[in-house]
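Read the structure below first, then the notes.
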Amino acid sequence: MPENNKFKCEKCEREFSSKEALEMHNNSKHYGATKGLKKLDSVNKKKIRNWAIFIVVILVIVGVAYFMAFRPETPGRYDDFAKCLTNNNVTMYGAWWCPHCKDQKELFGKSWQYVNYVECSTPDGNAQLPVCEKAGIEGYPTWELGNGSRIDRVLTLKYLSGLTDCTLP
Numbered sequence: 058m059p060e061n062n063k064f065k066c067e068k069c070e071r072e073f074s075s076k077e078a079l080e081m082h083n084n085s086k087h088y089g090a091t092k093g094l095k096k097l098d099s100v101n102k103k104k105i106r107n108w109a110i111f112i113v114v115i116l117v118i119v120g121v122a123y124f125m126a127f128r129p130e131t132p133g134r135y136d137d138f139a140k141c142l143t144n145n146n147v148t149m150y151g152a153w154w155c156p157h158c159k160d161q162k163e164l165f166g167k168s169w170q171y172v173n174y175v176e177c178s179t180p181d182g183n184a185q186l187p188v189c190e191k192a193g194i195e196g197y198p199t200w201e202l203g204n205g206s207r208i209d210r211v212l213t214l215k216y217l218s219g220l221t222d223c224t225l226p
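Residues 58 to 226 in our numbering are what the sequence shown spells out, letter by letter.
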């Protein structure tokens, strides 16, 4: 038993009148300082480590997603060619549901965004939009060249290049 019935904290040297008061002090002020808390402390270290690993994994996932979403766009292979077609008033008329139009778009890849394109189908796919009716479009895809001539089929990029002054890379 300590002197004068006093219990002294080993960490801060504060004195207490009972062992229970000292334990409460140690639990609140010096967490893990008592022998009984060492087992609990190791459990908490495992939890902290697991949470730290979880947070690091989440940060890595968020970082990769951010990098993928906001990385600089690399130009498409046919960007200049597609821009040249548009500058020379070459237009493709098509429909969202048309498999041949999809094939034509895939030939351009990322560069398709620069092609002058007119959507002819209604959203439900059951009718033609007025802009295409007025233009007399009867099949898809229809390419209209700068001189007003039209070709109703998928065209290779080489063929389009031959019809225009636009050169392929």
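We put the beta carbon where it would ideally sit given N, CA and C, even for glycine. Computed from a predicted model, the values in this text were never measured in an experiment.
Check each candidate in the options and name the one with the smallest Cα separation from residue i.
{"i": "residue 172", "options": "137, 189, 130", "result": "137"}
{"i": "residue 151", "options": "162, 216, 144", "result": "162"}
{"i": "residue 208", "options": "108, 149, 178", "result": "149"}
{"i": "residue 180", "options": "166, 202, 155", "result": "155"}
{"i": "residue 69", "options": "107, 215, 79", "result": "79"}
{"i": "residue 226", "options": "123, 139, 108, 122", "result": "139"}
{"i": "residue 210", "options": "195, 191, 223", "result": "195"}
{"i": "residue 223", "options": "198, 143, 167", "result": "143"}
What is the residue span of the beta strand (DSSP E) that residue i lies within?
{"i": "residue 230", "result": "Because the chain is modelled from 58 through 226, residue 230 falls outside the range shown and cannot be assessed."}
{"i": "residue 163", "result": "Note, residue 163: premise wrong, no beta strand (DSSP E); alpha helix (DSSP H) at 156 to 165."}
{"i": "residue 199", "result": "199 to 201"}
Tell me, to the nearest whole angstrom, how far the beta carbon of residue i is from that of residue j; I am working on the premise that it is less than 8 Å.
{"i": "residue 175", "j": "residue 221", "result": "At roughly 18 Å, the Cβ-Cβ gap does not stay under 8 Å, so residue 175 and residue 221 are not in contact."}
{"i": "residue 65", "j": "residue 74", "result": "Their Cβ separation, rounded to whole angstroms, is 11 Å, which puts residue 65 and residue 74 out of contact at 8 Å."}
Considering only DSSP beta bridges, list what residue i is partnered with.
{"i": "residue 124", "result": "Answer is none; residue 124 lacks a bridge partner."}
{"i": "residue 73", "result": "64"}
Under a CB-based cut-off of 8 Å, is residue i close to chain D?
{"i": "residue 158", "result": "Absent from the structure is chain D; it holds one protein chain and no more."}
Within the continuous alpha helix (DSSP H) that includes residue i, where are the two ends?
{"i": "residue 80", "result": "76 to 86"}
{"i": "residue 216", "result": "214 to 220"}
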